[in-house]
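*Asks:* Our numbering puts the first residue of the sequence shown at 2, with every later residue one more than the last. Beta carbons: idealized from backbone N, C-alpha and C, even for Gly. Keep in mind the model is a prediction, meaning the values are calculated, not measured. Just passing along the structure, written as structure tokens.
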Amino acid sequence: MSLNDLYGLGASALGALCIYLAAPQQRCWSVPWPRWIGRSAGGLLLLLGWCGLADAAQPLMATYVWITWLMLVFVALPYLGALINPSQGR
Numbered sequence: 002m003s004l005n006d007l008y009g010l011g012a013s014a015l016g017a018l019c020i021y022l023a024a025p026q027q028r029c030w031s032v033p034w035p036r037w038i039g040r041s042a043g044g045l046l047l048l049l050g051w052c053g054l055a056d057a058a059q060p061l062m063a064t065y066v067w068i069t070w071l072m073l074v075f076v077a078l079p080y081l082g083a084l085i086n087p088s089q090g091r
């Protein structure tokens with residue numbers, strides 16, 4: 002695994018986190034981020050993450066790895082939010 006793979010996966014995870022924190026249903030903080038800030042920062046980080054993965058491998062394989070990674074991260078974030086702040090019931 003090259004350093005570009007790690008940069009790509011890390012940037013993609015941070016991008017997904019930014020998008021999650023801008024969602025009104027997020028459970029990490031009591032007030033979500035402003036939508037346009039979270040979505041634009043998340044989109045930029047997701048694009049940088051894909052570019053990092055595409056630099057380390059073929060674009061088709063990078064897209065497959067990127068989408069699979071994003072599915073894992075977007076599924077895990079609500080559970081992590083519930084672990085961080087279990088008292089915030091909705």
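Express the C-alpha separation of C19 and G39 in angstroms, rounding to a whole number.
*Replies:* Here residue 39 refers to the residue found at position 38 of the sequence shown. Here residue 19 refers to the residue found at position 18 of the sequence shown. Roughly 5 Å separates the two Cα atoms.
*Asks:* Give me the residue from P33, V32, W70, Q26 with the minimum Cα distance to L7.
*Replies:* Here residue 7 refers to the residue found at position 6 of the sequence shown. When only C-alpha atoms are compared, the closest one is W70.
*Asks:* Secondary structure at R36, three-state DSSP: helix, strand or coil?
*Replies:* In the sequence shown, the residue the question calls residue 36 occupies position 35. Looking at R36 - three-state DSSP - the assignment turns out to be helix.
*Asks:* Cutting at 6 Å between CB atoms, please list the residues of its own chain near A63, excluding the five before and the five after it.
*Replies:* If you number the sequence shown from 1, residue 63 lands on position 62. Same-chain partners within the cutoff: L54, A55.
*Asks:* For C29, which of helix, strand or coil comes out of DSSP?
*Replies:* Within the sequence shown, the letter at position 28 stands for residue 29. In the structure shown, C29 sits in coil (DSSP, three-state: anything other than H, G, I, E or B).
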